[in-house]
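Step one of this worksheet: look at the structure below.
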Amino acid sequence: MNVTLRPATRDDVPFVVALAADADVAPFLAAVRAATEEAVAEEVGRTDREPDAFGLLVIEVDGRPAGTVTWERVNRRSRIASVSGFAVDPRLRGRRVGEEAAGLLQRYLIRELGFHRLQMEVYGFNERALRHAERAGWIREGVRRKAYWRGGEWVDGVLFGLIEEDLPHE
216 MNVTLRPATR
226 DDVPFVVALA
236 ADADVAPFLA
246 AVRAATEEAV
256 AEEVGRTDRE
266 PDAFGLLVIE
276 VDGRPAGTVT
286 WERVNRRSRI
296 ASVSGFAVDP
306 RLRGRRVGEE
316 AAGLLQRYLI
326 RELGFHRLQM
336 EVYGFNERAL
346 RHAERAGWIR
356 EGVRRKAYWR
366 GGEWVDGVLF
376 GLIEEDLPHE
């Protein structure tokens with residue numbers, strides 16, 4: 216199994232929209248994510264226009280779309296990027312696709328684009344994503360207690376960070 220990452224193209228828009236709408240994916244993504252074809256197409260355009268500041272990426276397994284992840288520069292001076300929208304096709308779960316893709320993303324952002332710090336936030340109820348983050352080397356840094364209104368209740372946001380020293384040495 217060969218896992219790769221690449222920038223999303225206009226041809227990927229239907230895949231990205233369908234994955235984000237999947238009943239086993241949608242409840243775990245941010246409520247404000249790009250969810251329409253128009254909004255996802257705008258993110259594809261932004262990826263093309265700002266390759267060092269924003270990226271909507273497609274995770275591929277053996278050359279076929281298998282998931283997505285988005286990153287955005289949130290602090291130029293301190294070289295910080297925020298990662299979000301990490302989703303893998305539910306049919307591929309349990310094959311470590313997410314862990315492999317996370318490692319590729321972390322190395323790309325830190326070693327190729329020169330970010331000093333990566334950060335990510337996961338809903339506290341998303342046990343699967345919390346386990347994935349820790350398996351993928353993210354360091355749990357804290358909790359935003361009852362920070363988000365989801366499903367009729369306030370839920371926590373669990374904060375993760377990663378710096379180059381946290382990456383495995385290869």
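Just so you know, we're using the numbering used here here: the sequence shown kicks off at 216 and counts up by one.
Beta carbons: idealized from backbone N, C-alpha and C, even for Gly.
Item                                                                                                                                                                                         : Value
For the structure I just gave you, are there three or more beta carbon pairs, one from the stretch 266 to 273 and one from the stretch 301 to 311, closer than 8 Å?                          : no
For residue 313, list the residues DSSP reports as bridge partners.                                                                                                                          : BP columns for residue 313 are empty, so no partner.
Please work out which residues of its chain come closer than 8 Å, Cβ to Cβ, to residue 358, disregarding the five sequence neighbours upstream and downstream, and give them in chain order. : 339, 371, 372, 373, 374
On the DSSP letters alone, give me the boundaries of the beta strand (DSSP E) that residue 267 sits inside.                                                                                  : Element bounds for residue 267: n/a, residue is neither H nor E.
State the CB to CB distance for the pair residue 345 and residue 220, rounded to an integer number of angstroms; the pair is presumed to be in contact (CB under 8 Å).                       : Incorrect: roughly 22 Å between the Cβ atoms, too far for contact.
For the alpha helix (DSSP H) holding residue 232, just list the boundary residues, first then last.                                                                                          : 228 to 236
For the pair the stretch 289 to 305 and the stretch 236 to 247, tell me if three or more CB-CB distances fall below 8 Å.                                                                     : yes
For residue 249 and residue 234, what's the separation of their Cα atoms in angstroms?                                                                                                       : 12 Å
Quick one: is residue 258 buried, meaning 16 or more other Cβ sit within 10 Å of its Cβ, or exposed?                                                                                         : buried
Applying the 10 Å Cβ sphere with the 16-neighbour rule, what's the burial state of residue 286?                                                                                              : buried
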